[in-house]
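Written below as structure tokens is the structure these notes are about.
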Amino acid sequence: MTARGTQDATTADAVWETHPVTPDRFEDFADVVNRSRRTTHCWCLSHRLTAPEIRELGGDGPTAREQAMRALCDRPNPPGVAAYRDGVPVGWCNIGPRSEITRLARSKLMPPVDDRPVWSIVCVVVRSGHRRQGVTTHLLEGAVAYAASRGAPAVEAHPVDTEGARMDLTMAFVGTRAMFERVGFEVVGTTAATASGMPRLVMRRELA
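The opening residue of the sequence shown carries number 35 in my numbering; numbering runs sequentially from there.
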């Protein structure tokens, strides 16, 4: 999928693409979330595997975590999409069927609002050096398009309504209400979960 950027002067002539992170695109994903390949990085596994499964990766540490994420990328539904601006990977969105996202599927703090087989967004990351340049809008639109191509009836997210408050950067991956409203999501419920001390909402975008 490609789109013409319209956010500001730096992106007006950019060509945007979004692709599922299949094994051949793993290094692009890694360049966004862990460019320096830090040994303590999470590799975006915390929602996909159980805590015991992550602990079991143990001894081989970061290499085992990286390989676990590579294995997820080889599944029928890759665990997310990467956004590209003029061929450069600049964003990552962890998205998939709610039923395949272990932490959500088992969550008592963020239970489903109904029994529809929605897809869920659990993480949004913009590559360092590319923030405040319109990446998030293109990334989320691409993530929604990916879900739609796989037959999702709707896409959900669980951001916070900051209402002018500052969010701890370590929790910024959950996103904000305003971020999702810009791409057509609407509030459909609340949760018992919090991020940076602020309650997390249930926001949904219906798909045709």
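Built from N, CA and C at the ideal position, the CB exists for glycine as well.
query	result
Limits of the unbroken alpha helix (DSSP H) element including T228	It is not in any alpha helix (DSSP H) - T228 instead sits in the beta strand (DSSP E) that spans 220–229.
In DSSP terms, what T52 is bridged to	A117
Nearest neighbour of M213, chosen from A242, T224, E197 [CA to CA]	E197
Option in P187, R109, S162, T228 with minimal Cα separation from V152	P187
Simplified DSSP state of G279, which is helix, strand or coil	Any property of residue 279 remains undetermined from this structure, which presents the chain solely from 35 to 242.
Inter-residue CB distance, V66 and R161 (contact presumed, cutoff 8 Å)	5 Å
Nearest-angstrom Cβ-Cβ length linking R132 and S154, presumed shorter than 8 Å	4 Å
Collapsed DSSP secondary structure at I88 in the structure displayed	helix
Whole-Å CB distance - L138 paired with V158, under 8 Å assumed	The Cβ separation is near 15 Å, so there is no contact.
Contact belief for M144 with A227 at Cβ below 8 Å, rounded distance in angstroms	5 Å
Assigned secondary structure, P57 (DSSP; H/G/I helix, E/B strand, else coil)	helix
M213, enclosing alpha helix (DSSP H) - first and last residue	211–215
N- and C-terminal bounds of the alpha helix (DSSP H) containing R166	Per DSSP, R166 belongs to no alpha helix (DSSP H) and is neither H nor E.
Collapsed DSSP secondary structure at T40 in the structure displayed	Unreliable placement is indicated for T40, whose pLDDT of 30 sits below 50; the coordinate value is still reported in the next sentence. Residue state, collapsed to three classes: coil.
Pick from E215, G121, N111 that is closest to T52, judged by C-alpha positions	G121
Own chain partners of C78 with C-beta closer than 7 Å, once the 5 adjacent residues on each side are dropped	V67, M103, N128, C157
Closest residue to H81 among P146, G176, V147, T136 (Cα-Cα distance)	T136
Cβ neighbours of G163 in the same chain (closer than 6 Å, five flanking residues each side left out)	none
Where the beta strand (DSSP E) through R247 begins and ends	Because the chain here runs from 35 to 242, residue 247 falls outside it and cannot be looked at.
I155 - partner residues in DSSP beta bridges	I129, A191
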